[in-house]
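Visitor: Here it is: the structure, laid out below.
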Ligand SMILES: *[C@@H]1O[C@H](CO)[C@@H](O)[C@H](O)[C@H]1NC(C)=O
Ligand SMILES: [Zn+2]
């Protein structure tokens, strides 16, 4: 009987701790080195982003990326969410049923599209891409996140080295862009409706995933194995990065700079610093079909 109370107390503590663990610790971009304290994987040896170097990549990767259902309209309206870290779009299925998928490149297996989000810089010319190419940083980087179809959901896929595939599309600001990207424009024009963190807005037009690729040259890419660029930094991502940027007008990109974090501060420079390549190989594919 003497033991009963302390034991109860201990169990209570354990339960409270489990509940606490379920809500992940907050993080931001002020000091990304501190992520490791709460998310040890952020200190791993296969982290992203990295600098992609023409002269330090293996140019022998032959398979092209193959896109399925990328031209199919997505079913229903898309919701753009300011989650305090980025502007995020959860992707529904297509009107035909299946999700858009990618295969080929460095991938083994079929990966289905889950979400799209963005990384950007700050007003006055601060650039915000995560990956750099030969040391060059772009203005904005778009991430289309895909999940390996053999895993049930993103949470499960994050635990597996072959769980996720992310396509990275670069955007640069141009004063007189020659191309017009109606889908991306819809998204950028919706940003002023999600200025505050934890708000969302519906994008009122029927988009397909091709709208997010614009006219990017998908035959040209760098590919390597890395991680999520935000906590928990899971080393579960096969990256394909297209180095030729889309050009978008300055005022549309400026819409990103209006977004705010949960504490009310401006959401600027939401890109992670470059990580060490360590023993990894970067593959390069150039042109062809
Ligand atoms: C969007 O906002 C509404 C109202 O604040 C909320 O009820 C809903 O859960 C949000 N949806 C998403 C996808 O965050
Ligand atoms: Zn990202």
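Numbering (the UniProt record's numbering), first residue to last: 1 to 289.
Just so you know, even glycine gets a beta-carbon here, dropped at the ideal spot from N, CA and C.
(1) Kindly give me the distance between the Cβ atoms of residue 252 and residue 188, rounded to whole angstroms, as I take these residues to be in contact under 8 angstroms.
(2) Taking Cβ positions, are residue 280 and residue 224 nearer each other than 8 angstroms?
(3) Please output, in chain order, the residues near ligand 1 using a CB cut-off of less than 6 angstroms to any non-hydrogen atom of the ligand.
(4) Less than 8 angstroms between C-beta atoms, sequence neighbours within five positions excluded: which residues of the same chain meet that for residue 123?
(5) Evaluate the contact criterion for the segment 162 to 175 versus the segment 225 to 242: three or more CB pairs, one atom per stretch, below 8 angstroms.
(6) Any chance you could list the beta strand (DSSP E) runs of at least 3 consecutive residues sitting entirely within the segment 166 to 237, in chain order?
(7) When DSSP builds the beta bridges, which residues end up paired with residue 283?
(8) Please report the straight-line C-alpha distance between residue 198 and residue 81, rounded to a whole angstrom.
(9) I'd like to know whether the C-beta atoms of residue 273 and residue 41 end up nearer to each other than 8 angstroms.
(10) CB residue 171 to CB residue 78, shorter than 8 angstroms?
(11) Measure the C-alpha to C-alpha separation of residue 286 and residue 155 and round it to an integer number of angstroms.
(12) Tell me where the alpha helix (DSSP H) around residue 144 begins and ends.
(13) Applying the criterion that 16 or more other CB atoms from any shown protein chain within 10 Å of the CB defines a buried residue, is residue 142 buried or exposed?
(14) For residue 43, which residues in the same chain have their Cβ closer than 6 angstroms to its Cβ, ignoring the five residues on either side in sequence?
(15) I believe residue 38 touches residue 49 by the beta-carbon criterion, under 8 angstroms. Please report the beta-carbon distance rounded to the nearest angstrom.
(16) I want to know whether the segment 124 to 139 touches the segment 87 to 94 - three or more CB-CB distances under 8 angstroms.
(17) Name the DSSP beta bridge partners of residue 164, please?
(18) Can you pull the DSSP bridge partners for residue 89?
(19) Determine contact between the segment 93 to 105 and the segment 60 to 68, defined as no fewer than three beta-carbon pairs at a distance below 8 angstroms.
(20) Taking 7 angstroms as the cut-off, is the CB of residue 143 close to at least one heavy atom of ligand 3?
(21) What do you reckon, are the CB atoms on residue 110 and residue 158 nearer than 8 angstroms?
(22) Just checking residue 117 against ligand 2 - is the residue's beta carbon closer than 7 angstroms to any of the ligand's heavy atoms?
(23) Looking at the secondary structure, which residues open and close the alpha helix (DSSP H) in which residue 50 lies?
(24) Output the boundary residues of the alpha helix (DSSP H) element that contains residue 259.
(25) Find the nearest neighbour of residue 145 within the set 134, 228, 205, 176, judged by alpha-carbon distance.
(26) Who pairs with residue 73 in a beta bridge, going by DSSP?
Guide: Walking through what the data contain:
(1) The residue you call residue 252 lines up with position 252 of the chain shown. The residue you call residue 188 lines up with position 188 of the chain shown. Rounded, the Cβ-Cβ distance is 4 angstroms, consistent with contact.
(2) Mapped onto the chain shown, residue 280 falls at position 280. Mapped onto the chain shown, residue 224 falls at position 224. Contact flag set, yes.
(3) Qualifying residues come out as 79, 81, 200.
(4) The residue you call residue 123 lines up with position 123 of the chain shown. Cβ neighbours of residue 123 beyond the five flanking positions: 254, 257, 268.
(5) Yes: at least three Cβ pairs fall under 8 angstroms.
(6) Taking only runs of at least 3 residues, the beta strand (DSSP E) segments lying wholly in the segment 166 to 237 are 199 to 203, 221 to 226.
(7) Taking the first residue of the chain shown as position 1, residue 283 is located at position 283. Residue 283 pairs with 58, 223.
(8) In the chain shown, the residue the question calls residue 198 occupies position 198. In the chain shown, the residue the question calls residue 81 occupies position 81. Rounded to whole angstroms, residue 198 to residue 81 spans 7 angstroms at the Cα level.
(9) Position 273 of the chain shown, counted from the first residue, corresponds to residue 273. Position 41 of the chain shown, counted from the first residue, corresponds to residue 41. Taking 8 angstroms as the Cβ cut-off, residue 273 and residue 41 do not qualify as a contacting pair.
(10) By one-based count along the chain shown, residue 171 stands at place 171. By one-based count along the chain shown, residue 78 stands at place 78. 8 angstroms or more divides the Cβ of residue 171 from the Cβ of residue 78.
(11) Walking along the chain shown from the start, residue 286 turns up at place 286. Walking along the chain shown from the start, residue 155 turns up at place 155. If I take the Cα positions, the gap works out to 33 angstroms.
(12) Position 144 of the chain shown, counted from the first residue, corresponds to residue 144. For residue 144, no alpha helix (DSSP H) encloses it; the enclosing beta strand (DSSP E) starts and ends at 140 to 148.
(13) The residue given as residue 142 occupies position 142 in the chain shown. Flag for residue 142 reads buried.
(14) The residue labelled residue 43 in the question sits at position 43 within the chain shown. Excluding the 5 residues flanking it on each side, residue 43 has same chain C-beta neighbours closer than 6 angstroms at 36, in chain order.
(15) Along the chain shown, read from residue 1 onward, the residue named residue 38 stands at position 38. Along the chain shown, read from residue 1 onward, the residue named residue 49 stands at position 49. At roughly 20 angstroms, the Cβ-Cβ gap does not stay under 8 angstroms, so residue 38 and residue 49 are not in contact.
(16) Counting Cβ pairs under 8 angstroms, fewer than three are found: no touch.
(17) On the chain shown, residue 164 is found 164 positions in, with the first residue counted as 1. Residue pairing of residue 164 in beta bridges, as defined by DSSP: 147, 237.
(18) The residue given as residue 89 occupies position 89 in the chain shown. For residue 89, which the question treats as bridged, DSSP gives the partners 80, 116.
(19) Using a C-beta cut-off of 8 angstroms, the segment 93 to 105 makes contact with the segment 60 to 68, since at least three inter-stretch Cβ pairs fall below that distance.
(20) Among the ligands present in this structure, namely ligand 1 and ligand 2, ligand 3 is not found.
(21) The residue labelled residue 110 in the question sits at position 110 within the chain shown. The residue labelled residue 158 in the question sits at position 158 within the chain shown. Not closer than 8 angstroms, so no.
(22) Indexing the chain shown from 1 puts residue 117 at position 117. Because some heavy atom of ligand 2 lies under 7 angstroms away, the Cβ of residue 117 counts as near it: yes.
(23) Residue mapping note: residue 50 aligns to position 50 of the chain shown, counting from 1. Note, residue 50: premise wrong, no alpha helix (DSSP H); not H, not E.
(24) For the purposes of this step, residue 259 is taken as the residue at position 259 of the chain shown. That residue, residue 259, is in no alpha helix (DSSP H); it is neither H nor E in DSSP.
(25) Taking the first residue of the chain shown as 1, we reach residue 145 at position 145. The residue with the shortest Cα to Cα distance from residue 145 is 228.
(26) For this step, residue 73 is matched to residue 73 along the chain shown. Residue 73 pairs with 208.
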